[in-house]
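Undergrad: Read left to right, the sequence shown gives residues 825 to 1141 (the numbering used here).
Submitted below is the structure of interest, expressed as structure tokens.
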Amino acid sequence: MKKLTLLLALALSTLSHAWTIDGYGNYKFEAISKNVYVIHGPLDEPNAKNQGFMNNPGMVIGADGVIVVDPGGSYHTGKRVIGEVKKVTDKPIVAVFNTHVHGDHWLGNQAIIEAYPNAKIYAHPQMIAEAKGGEGEFWIDLIERLTEGVTKGTIATYPTDETSHLQIINVGSEQFRIHNPTTKAHTATDIMVEHVGSKTLFLGDNDMIHRLGGFGGTSDMHSNIKVLNYATNLNLNHYVPGHGPSGDAEHAVKPYLDYLLILQDEARKGYEEDLADYEIRPAIVKKLDDYKDWHSLDNNLGRHINKMLLEVEALDL
């Protein structure tokens, strides 16, 4: 009876301290491998209700410390991520990887460095340049506005160490390999972070599941296709998208790759027939039954078709 009472007390204690977002649910680190964890965040755009949290922070626990991937889009979220780390381990955070320049993934750096000032933060050199060149402040202002001030007080805290393609980074007992096989993909600042020991790849927003994000001015959809094929051919065990559930390549990479291939195929056909983007759309929509419930499909499909068609025209495919 005493054991049952103790277990109940522990369960209630955990629930009372859970990271709960009203209307969304509870968020915590879920183990995807022996020492690799992910918080799978909400799929919505940043808003007051989700407090600006929408990405998939990752955590690798090493012998001497914790390595975090993409600690979220605000100081507030970064603090929450630290809180969830402490529920799993008492080891300090010793390093951070930022997968690209979009602030919903890295503005949580502020909280990490406040708590662990000696932690190193790794990122693509172009990410660091763009973040310092105005993208950091842009994203702070954007997320603060979208959340109606909930994230006020966030300060851009920039990465400290540049990465390169196929670079091996040893952090204590844990080894990581950096992948950025193309100049551009989701952005011109992307890295994918492989945790060698668990055969896990954090893809950033080169990959999304159950959500369709934007392709901005520095993106390249054809290169994004190449990157996803590259990632799949690494034959790893676990793939963590920037948004949406993790899994093997079949479940956590192929759906987004297939979406882009549908766009590419129909854009090529449309280009050959001299069709406009809106004339191509009906043929694409017919092939998207599996994506009808993906967040932001209605908002972004037209933009995606236009972007892909422009790329096809430029490449004269």
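C-beta atoms are modelled at their ideal positions from N, C-alpha and C, and glycine is treated no differently.
Opposite Met-883 in the DSSP bridges: which residues?
TA: The residue labelled residue 883 in the question sits at position 59 within the sequence shown. Answer by DSSP bridge pairing, in chain order: Tyr-861 and Val-892.
Undergrad: Whose C-alpha, out of Gly-882, Leu-990, Asn-1048 and His-948, is nearest the C-alpha of Tyr-1080?
TA: Within the sequence shown, numbered from 1, the residue matching residue 1080 stands at position 256. Among Gly-882, Leu-990, Asn-1048 and His-948, the Cα nearest to that of Tyr-1080 is on Asn-1048.
Undergrad: Going by DSSP, which residues form a beta bridge with Lys-944?
TA: Here residue 944 corresponds to residue number 120 of the sequence shown, with the count starting at 1. According to DSSP, which records beta bridges pairwise, Lys-944 is partnered with Ala-919.
Undergrad: What would DSSP say about Gly-1038, mapped onto helix, strand or coil?
TA: Within the sequence shown, residue 1038 is the residue found at index 214, counting from 1. Here Gly-1038 sits in coil by DSSP.
Undergrad: Would DSSP call Val-1020 helix, strand or coil?
TA: By one-based count along the sequence shown, residue 1020 stands at place 196. Of the three classes helix, strand and coil, the one that applies to Val-1020 here is coil, per DSSP.
Undergrad: If you count every other CB in all the chains shown that lies within 10 Å of the CB of Leu-1125, and 16 or more means buried, which is it?
TA: Mapped onto the sequence shown, residue 1125 falls at position 301. Burial call: buried.
Undergrad: Please go through the same chain and pick out, in chain order, the residues whose beta-carbon is closer than 7 Å to the beta-carbon of Ala-887, but skip the five residues on each side of it.
TA: Along the sequence shown, read from residue 1 onward, the residue named residue 887 stands at position 63. Closer than 7 Å at Cβ, skipping near neighbours: Gly-996 and Ser-997.
Undergrad: Along the alpha helix (DSSP H) that carries Gln-934, what are the first and last residues, could you check?
TA: Looking up residue 934 in the sequence shown gives position 110. Looking at the DSSP string, the run of the alpha helix (DSSP H) that includes Gln-934 is 933-939.
Undergrad: Output needed for Thr-844: all residues of its chain with C-beta closer than 6 Å, excluding positions within five of it in sequence on either side, in chain order.
TA: For the purposes of this step, residue 844 is taken as the residue at position 20 of the sequence shown. Counting only Cβ-Cβ distances below 6 Å, and skipping sequence neighbours, we find Asn-850.
Undergrad: In whole angstroms, give me the CA-to-CA distance for Tyr-982 and Asp-1072.
TA: By 1-based counting over the sequence shown, the position of residue 982 is 158. By 1-based counting over the sequence shown, the position of residue 1072 is 248. Distance between the alpha carbons of Tyr-982 and Asp-1072 is about 31 Å.
Undergrad: If you count every other CB in all the chains shown that lies within 10 Å of the CB of Gly-973, and 16 or more means buried, which is it?
TA: Counting from one through the sequence shown, the residue named residue 973 turns up at place 149. So Gly-973 ends up on the exposed side.
Undergrad: What's the gap between the Cα of Leu-1134 and the Cα of Pro-941?
TA: Taking the first residue of the sequence shown as position 1, residue 1134 is located at position 310. Taking the first residue of the sequence shown as position 1, residue 941 is located at position 117. C-alpha separation (whole angstroms): 45 Å.
Undergrad: If you drop the 5 nearest sequence neighbours on each side, which residues of the same chain put their C-beta closer than 6 Å to that of Asn-1123?
TA: Along the sequence shown, read from residue 1 onward, the residue named residue 1123 stands at position 299. Counting only Cβ-Cβ distances below 6 Å, and skipping sequence neighbours, we find nothing.
Undergrad: Around the Cβ of Glu-1090, are there at least 16 other Cβ atoms within 10 angstroms (buried) or fewer (exposed)?
TA: Indexing the sequence shown from 1 puts residue 1090 at position 266. Label assigned to Glu-1090: buried.
Undergrad: Leaving aside the five residues before and after Asn-1053 along the sequence, list all residues of the same chain whose C-beta is less than 8 Å from its C-beta, in chain order.
TA: To locate residue 1053, count along the sequence shown from 1; it is residue 229. These residues qualify, in order along the chain: Leu-1081.
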